[in-house]
Structure formats: C-alpha cells, structure tokens
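A.B. asks:
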Amino acid sequence: MSNRIMIIEDEEALVVLLKYNLENEGFEVLTESRGSKAVAEVEAHHPSVIILDWMLPEMSGVEICKLIRSKPDIKNIPIIMLTAKGEEEDKIKGLGAGADDYVTKPFSVPELVARVKAQLRRAPEPQQEKEKIFEDIRMDMVEKKVFRGDNYVHLGPTEFRLLRTLMDVPGKVFSRDFLLKTVWGDNIYVESRTIDVHIRRLRLALNKYGPDYIRTVRSTGYALDASQHSDEEDFE
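Each residue of the sequence shown is one higher than the last, beginning at 613 in the working numbering.
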C-alpha cells in the first residue's frame, strides 16, 4: 500500500496542484478543507504525513496541530505546516505547536514533495494493526475475518471494508459520500444509494448473532453505536 498523505488546506487551486504532484509520486492523497473536520479525518484515516495550512476556516492550523499532538493514537504523525507567514516568531509558534517542518508560501512544489519524503524516512515504521474490537464484534486484520462472539461472520470484501471504516471511529457518523470515497475510492463512479445496499447486507450478516449496532442517521449516513440500535429503514 502506498503512503497516505493528508492535505488540510482550503485553497482549492493549491490542493489540486499538490494532489496531482503527490499522486504522480505514487502517494495516496486525501484532502480536507474545513478546520473543524480535520482532526476527525486524521483519526479516521491515520495518514503517513499531514500537510497542514496555517489559515483555515473555523479552526487554525496551529490549533489543529495542538489537538493532533494531544491524541495518543495520532500524535506521532509528521506534520508539515504551510503558511503565508514568514516571520521568525510565526515559525517558532508553528514549530512550538508540534509541527515537524514549516514551509512558507509561495513555495516550490518539488521542494515540498522532497520534504514529505524526508518526513517519511524519519517516521518509524507503523505496526500492523492485528485486530479491531467493538463490543462482541472482532475483526482479524491479518486473516481478514470477522467474528461475533464465537461465531464466524461471512462478509464480502465491500462489507468488510465498510465495517472496518465504521470500527475505526465507533460512534462517529460517516456520510454516504465519505464511505463511498473510502471504500470504493475517488476514481470509481458509484451511486450513493449503493452504500445502503451494502449496509443492509452487512447488517444481515452481523445480526444473525447479536443486536444491531449500525445506527442510521436519516439523510446523513451511518455509525457504529452500541447505545442505540437502528430502527430506521436504509432507504428513504
């Protein structure tokens, strides 16, 4: 699997430019433009490197950097800060918040790509996650098998990827668009209602051996939640 880079930046033209160049280098690239959503996206995807803009809507890059560094599961992800601020005091502030590197706009795209590669060389090799557990549901990430209690649950590849995404952040409501992008990828056209079909299959497989933990949030998406069993239809 290629290294995953997350760009947290609201300047659309710059995002397109960086995404194009990083993908040409073989990286998987995810993007987020809203500061308020950034940390949740990092937690959901665990990128190898984060490219983070200083000035973002709703929450600054410095605040986001501090939040990432406060969370044990994502605190060690390398962060490269992008900013139009070039004063030494600003640079110290960005690095003091926990950024690993600092690039002032305008910058050379090849230089930024080289800095991303440098961070990857310095970063420790991530340990493979062996299993995910939610209540009585266990995913064996090595054997790619799912169990509910002592019962083996047969899932197709798409249902497995859906469950894995939901189990990444229990309680988080994942939109249909997000699930489509995560499970099917950016370059495959799939109707958003396809998600409902596969969620229904996932429910049928899991619920043979226990209560329904997949919560439907009408007009929005789905979450894995033990506190409230879904009583809504998948199709509206």
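Virtual Cβ for every residue (Gly too), placed ideally from N, Cα, C. Owing to the predicted nature of the structure, the values given are computational and were not obtained by experimental measurement.
#1: Going by beta-carbon coordinates alone, are Ile692 and Val651 separated by less than 8 Å?
#2: Would you grab the beta carbon distance between Ser619 and Val628 for me? Rounded to a whole angstrom, and I think it's under 8 Å.
#3: Which whole-angstrom value describes the C-beta separation of Val758 and Ile749, a residue pair presumed to lie in contact below a C-beta threshold of 8 Å?
#4: Please determine if the stretch 761-770 and the stretch 781-790 are in contact, where contact requires at least 3 C-beta pairs separated by less than 8 Å.
#5: Taking the C-alpha atoms as reference points, what is the distance between Ser672 and Gly647?
#6: Name the two residues that bound the continuous beta strand (DSSP E) containing Arg760.
#7: Measuring straight from C-alpha to C-alpha, what distance separates Met668 and Glu624?
#8: For Asp713, collect the residues of the same chain with a Cβ closer than 6 Å to its Cβ; drop the 5 residues on either side in sequence, then sort them by chain order.
#9: By DSSP, does Gly833 sit in helix, in strand, or in coil?
#10: I'd like the list of long-range same chain contacts for Leu680, defined as Cβ closer than 8 Å, with 5 residues on each side in sequence excluded.
#11: Give the range of the beta strand (DSSP E) segment to which Met693 is assigned.
C.D. replies: So, from the listed chains and residues:
#1: no
#2: Reading off the sequence, residue 619 comes out as Ile, not Ser. Contact doesn't hold; Cβ gap of about 10 Å is too wide.
#3: 7 Å
#4: no
#5: 7 Å
#6: Lys757 to Arg760
#7: The identity of residue 668 in the sequence shown is Leu, whereas the question assumes Met. In this model, Leu668 and Glu624 are separated by some 12 Å (Cα to Cα).
#8: Ile692 and Arg727
#9: Of the three classes helix, strand and coil, the one that applies to Gly833 here is strand, per DSSP.
#10: Per the sequence shown, the amino acid found at residue 680 is Ile instead of Leu. Counting only Cβ-Cβ distances below 8 Å, and skipping sequence neighbours, we find Val651, Val654, Ile662, Ile686, Lys687, Ile689, Ile691 and Gly710.
#11: Ile691 to Thr695
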